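Asks: Residue numbers (the numbering used here): 95 to 339.
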């Protein structure tokens, strides 16, 4: 690849592939690093989107088959997806682990597909756990109190999808060995806060939500903890078997 500078003679610039505006080869290093960061964050987004949607497909199909009402109203699904998509807008500004910068990652479609198949259904396990919680513990078993069931699953679904962003974004232990950038932390925290506030907000009733009992959030904390731990174990197993990049 031919490299020239902006002050070089015309023939040198015409034959060069890259023209540097400054006489400093460190610019090339910065460009390579920035390119690797961009590629790593793109892979993060694809992993998150495919695994999350794959798991939600199992959750919605199963719930639609066994419940006497919709597990979530269409407008609630749209709001859920909108908030989840917004939580991923912080990915372009996220930090990248040093290991991904030292060695350039490779595009492996098979690895992404395997990641989707193994990680995606993990979320369905806890979705079904939430179904059981709302059905057996909170008594949301009929059309008359379907709003309580739908609200409970809406909050759990959004919390797990948003929180798992931090688990999938790195091959390390999230928050301890690798922490997301400040913009990403703020965005995901905001989305989770909005999701928990919606059922209690003035517009909650118009969206089909009802206020959740306080004890629900204790169960939610347990579900989120177990979900992150199990996903981390599955991720570690996956990395050992197939690698992460």
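For glycine and all other residues, C-beta sits at the position ideal for the given N, C-alpha and C. No experiment lies behind these values; they were computed from the predicted model shown.
Kindly indicate which three-state DSSP category residue 165 falls into: helix, strand or coil?
Replies: Here residue 165 sits in coil by DSSP.
Asks: Whole angstroms are fine: how far does the CA of residue 277 sit from the CA of residue 104?
Replies: Cα-Cα distance, rounded: 44 Å.
Asks: Can you tell me whether residue 270 is buried or exposed, with buried defined as 16 or more other CB within 10 angstroms of its CB?
Replies: Per the 10 Å Cβ criterion, exposed.
Asks: For the alpha helix (DSSP H) that contains residue 297, what are its first and last residues?
Replies: Neither: residue 297 is in no alpha helix (DSSP H) and is coded neither H nor E.
Asks: Can you tell me whether residue 186 is helix, strand or coil according to DSSP?
Replies: The answer is helix: DSSP assigns residue 186 an H, G or I state.
Asks: Could you name the residues that DSSP lists as bridge partners for residue 114?
Replies: For residue 114, which the question treats as bridged, DSSP gives the partners 99.
Asks: Would you say residue 237 and residue 303 are within 8 Å of each other, going by their C-beta atoms?
Replies: It is not a contact, given that the beta carbons lie outside the stated cut-off.
Asks: Whose C-beta lies closer than 7 Å to the C-beta of residue 336 among residues of the same chain, with five residues either side of it excluded?
Replies: Once the five neighbours on either side are set aside, the close Cβ partners of residue 336 are 205, 208.
Asks: Give every residue of the same chain whose Cβ lies closer than 7 Å to the Cβ of residue 324, excluding the five residues on either side of it in the sequence, and list them in chain order.
Replies: For residue 324, where only same-chain residues beyond five positions count, the Cβ hits under 7 Å are 216.
Asks: Spatial neighbours of residue 133 within its chain, please: CB distance less than 7 Å, with the 5 preceding and 5 following residues excluded, ordered by chain position.
Replies: Excluding positions up to five away in sequence, the list reads 199.
Asks: Curious, which full-length beta strand (DSSP E) runs of at least 3 residues does the region 211-253 contain?
Replies: None, since the region 211-253 contains no complete beta strand (DSSP E) of that length.
Asks: Helix, strand or coil: which one does DSSP assign to residue 305?
Replies: Note: residue 305 maps to coil in three-state DSSP.
Asks: Would residue 156 and residue 222 qualify as a contact pair, given that the criterion is a beta-carbon distance under 8 Å?
Replies: A contact, by the Cβ cut-off of 8 Å.
Asks: From this set, 141, 293, 125, which residue's C-alpha is nearest residue 255's C-alpha?
Replies: That would be 141, whose Cα lies nearest to the Cα of residue 255.
Asks: Can you look up residue 272 in the DSSP assignment and give me helix, strand or coil?
Replies: Strand, per DSSP.
Asks: Roughly how far, in whole angstroms, is the beta-carbon of residue 171 from the beta-carbon of residue 301, given that I think they are within contact range, below 8 Å?
Replies: Contact doesn't hold; Cβ gap of about 11 Å is too wide.
Asks: How far does the alpha helix (DSSP H) with residue 131 in it reach, from first residue to last?
Replies: That run of the alpha helix (DSSP H) goes 120-160.
Asks: Cα-Cα, which of 115, 244, 283 is closest to residue 306?
Replies: Answer by Cα proximity: 244.
Asks: Can the beta-carbon of residue 338 be found less than 8 Å from the beta-carbon of residue 265?
Replies: The answer is yes: Cβ separation under 8 Å.
Asks: Flag this pair as touching only if the region 277-286 and the region 182-189 have three or more C-beta atom pairs under 8 Å; answer yes or no.
Replies: They touch, by the three-pair rule.
Asks: With a threshold of 7 Å on Cβ separation, who are the neighbours of residue 189 within its own chain once the five nearest residues in sequence on each side are excluded?
Replies: Excluding residues within five positions, the ones whose Cβ falls inside 7 Å are 274, 275.
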